[in-house]
Amino acid sequence: MSTAKPAKADRFRVQFLGANATVTGSRYLVEAGAHRLLVDCGLFQGYKPLRLRNWAPFPVDPASIDAVILTHAHLDHSGYLPRLVRSGFRGPAWCTQATASLCGILLPDSGRLLEEEAGYANRAGSTKHHPAEPLYSEDDAKRSLRHLRGMAFGQVFEPVPGVHASLHLQGHILGAAAVRLEYQGRSITFSGDLGRPHDPVMLPASAPGDSDWIVTESTYGDRTHPQEALKDELGEVLRRVAARGGVVVIPAFAVGRAQLLLRIIAQLQGAGEAPAVPVYLNSPMATGVNDLYRKYPDLHRIDAAGLDELERMTRIVTTQEDSVALNRRKGPMVIVSASGMVTGGRVLHHLIAFAPDPRNAIVLCGFQAGGTRGASIAAGAPTVRIYGQDVLVRAEVVQLSAASAHADAGEIVDWLRSAPRPPRRVFVTHGEPDAADALRLRIQRELGWSAHVPEYLEYAELR
Ligand SMILES: [Zn+2]
13 MSTAKPAKAD RFRVQFLGAN ATVTGSRYLV EAGAHRLLVD CGLFQGYKPL
63 RLRNWAPFPV DPASIDAVIL THAHLDHSGY LPRLVRSGFR GPAWCTQATA
113 SLCGILLPDS GRLLEEEAGY ANRAGSTKHH PAEPLYSEDD AKRSLRHLRG
163 MAFGQVFEPV PGVHASLHLQ GHILGAAAVR LEYQGRSITF SGDLGRPHDP
213 VMLPASAPGD SDWIVTESTY GDRTHPQEAL KDELGEVLRR VAARGGVVVI
263 PAFAVGRAQL LLRIIAQLQG AGEAPAVPVY LNSPMATGVN DLYRKYPDLH
313 RIDAAGLDEL ERMTRIVTTQ EDSVALNRRK GPMVIVSASG MVTGGRVLHH
363 LIAFAPDPRN AIVLCGFQAG GTRGASIAAG APTVRIYGQD VLVRAEVVQL
413 SAASAHADAG EIVDWLRSAP RPPRRVFVTH GEPDAADALR LRIQRELGWS
463 AHVPEYLEYA ELR
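In our numbering, the protein residues as written are 13 to 475.
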């Protein structure tokens, strides 16, 4: 019979397998005794060397990982799960019930998009790989869903022997949670993505539980969100673009920011503060996601009447044919379509159709990770490469910083400060280098705590 070596029995350590110097690819390997646990299982996006990590063999054998815990359903936290399962992972993937529901929609959609993109690249000859293969298929994604185990917020469970885990409300998107792990009297909390304390749609995060170590995100670690009301900012754009007969294309993830923006547009139109132009939500997932807002009324701030209004004022486009037909329509109109960082999805086709015309506007509303098309557009690139062709960007580009689903630097520090006691150390991850380092300094200066920005594949012994 093989038993764990005594020296290993009290080992507790974390290895940073992603979200280092980037906001994507969240993956943290926790070793507790002889067991392995993966907190988050995200896709890398943005710069090519990062994206290539999705294709490289996983740093440890997936079959040797006993369990996964997901903080939330965004693909940079959950989107590698189908590939992990295809590579031999056999264990459960714990998450909140709402995250399990969302993954049920998002992961198959991700697989379908990966297949479509591979197929498109093959047809267009825009690939060096013959034939281009998807990272995983829709079927792979569906198979990976069988591993999900939905838990209630606050409920303690044992993902591997000796580790007590719990999930705590983080706002950000439906179901988003911080993960707290305790092993032999030592504890670590992973922030996941931290929402904003006064978001119009999502609830504020709960305070971090008692922890010896905290791993925090730092997406906006070097920034303060402007006070300007999103309603005013968005209303102005809608009036300006409609007046010149243009199309407003809003790349937005179908979960979370899309509902926020549509709700505000509906309110603006209802109050006569924005012209009553048609508003389209183009996503095969739209109906399913709206249903989830009804299924989990306690996890957000839109009441049933608000959801009714949102659905009444929005034209939902789900089929491929209707999506293509939208590109032949003339403005003024508004189109909301994924993905938020323009890394994939139907919004690519809308940009091919609408980005070259200066009457139109592209409205970016979330963080644009370095190396993504969204970041290029935000930086004023004259063209953007889509499916092997350079698409002219003559449309007006607007960044709605007030629409972020992430806490800013001060809000992250406030969240940390609300912990019942100072941790022994904070690990700052999930931020580009300037943002992560600025937050590290702020934690040291304002809280007087030890803070460290770990590098890719770095270990930290938790003892
Ligand atoms: Zn997220």
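All residues carry an ideal CB built from backbone N, CA and C; glycine is no exception.
Check, Outcome
"CB of H180 to nearest heavy atom of ligand 1: below 7 Å?", "no"
"Look at the alpha carbon of L322 and the alpha carbon of G187, and state the distance between them as a whole number of angstroms.", "21 Å"
"Which residues mark the beginning and the end of the beta strand (DSSP E) in which T11 is found?", "Here the chain comprises residues numbered 13 to 475, so residue 11 is not present and cannot be evaluated."
"Quick one: what's got a C-beta closer than 7 Å to P18's C-beta in the same chain, skipping five residues either side?", "Because the pLDDT at P18 is just 45, under 50, the model does not fix this residue reliably, and the value given afterwards should be weighed accordingly. Here the set comprises nothing."
"Among D88, E43, A46 and R23, which has the Cα closest to the Cα of G37?", "D88"
"Going along the chain, which unbroken runs of the alpha helix (DSSP H) with 4 or more residues stay wholly within the segment 272-313?", "298-307"
"Do V346 and V410 count as a contact pair if the criterion is CB distance below 8 Å?", "no"
"Can you check DSSP and say which residues form a bridge with T441?", "E229"
"Could you name the residues whose beta carbon sits closer than 5 Å to any heavy atom belonging to ligand 1, keeping them in chain order?", "H86 and D205"
"Identify the continuous alpha helix (DSSP H) that holds Q182 and give its terminal residues.", "Here Q182 belongs to no alpha helix (DSSP H), and DSSP marks it neither H nor E."
"Hey, how far is the Cα of G183 from the Cα of T108?", "13 Å"
"For P74, name the three-state secondary structure that DSSP assigns.", "helix"
"Anyone know if the C-beta pair for G443 and T231 falls short of 8 Å?", "yes"
"Is it buried or exposed for E194, if we count other Cβ within 10 angstroms and need 16 for buried?", "buried"
"For S349, does the three-state DSSP call read helix, strand or coil?", "strand"
"Rounding to the nearest angstrom, what Cα-Cα distance links D224 and P434 in this structure?", "8 Å"
"Of the residues P146, D121 and S113, which one's Cα is nearest the Cα of E127?", "P146"
"Tell me whether R454 is buried or exposed, calling it buried when 16 or more other Cβ atoms sit within 10 Å of its Cβ.", "buried"
"For the alpha helix (DSSP H) holding L118, just list the boundary residues, first then last.", "Q109 to A136"
"Ends of the beta strand (DSSP E) at L11?", "As shown, the chain starts at 13 and ends at 475. That puts residue 11 outside it, with no answer to give."
"Taking three-plus beta-carbon pairs below 8 Å as touching, is the segment 35-51 in contact with the segment 169-180?", "yes"
"Counting pairs of Cβ atoms below 8 Å between the segment 249-263 and the segment 359-374, do you hit three or more?", "yes"
"Under a three-way DSSP split, which group does E467 fall into?", "coil"
"Given a threshold of 16 other Cβ atoms within 10 Å of its Cβ, counted over all protein chains shown, does L96 qualify as buried or as exposed?", "buried"
"Have a look at V227, L360 and G282 and flag the residue whose alpha-carbon is nearest the alpha-carbon of S349.", "L360"
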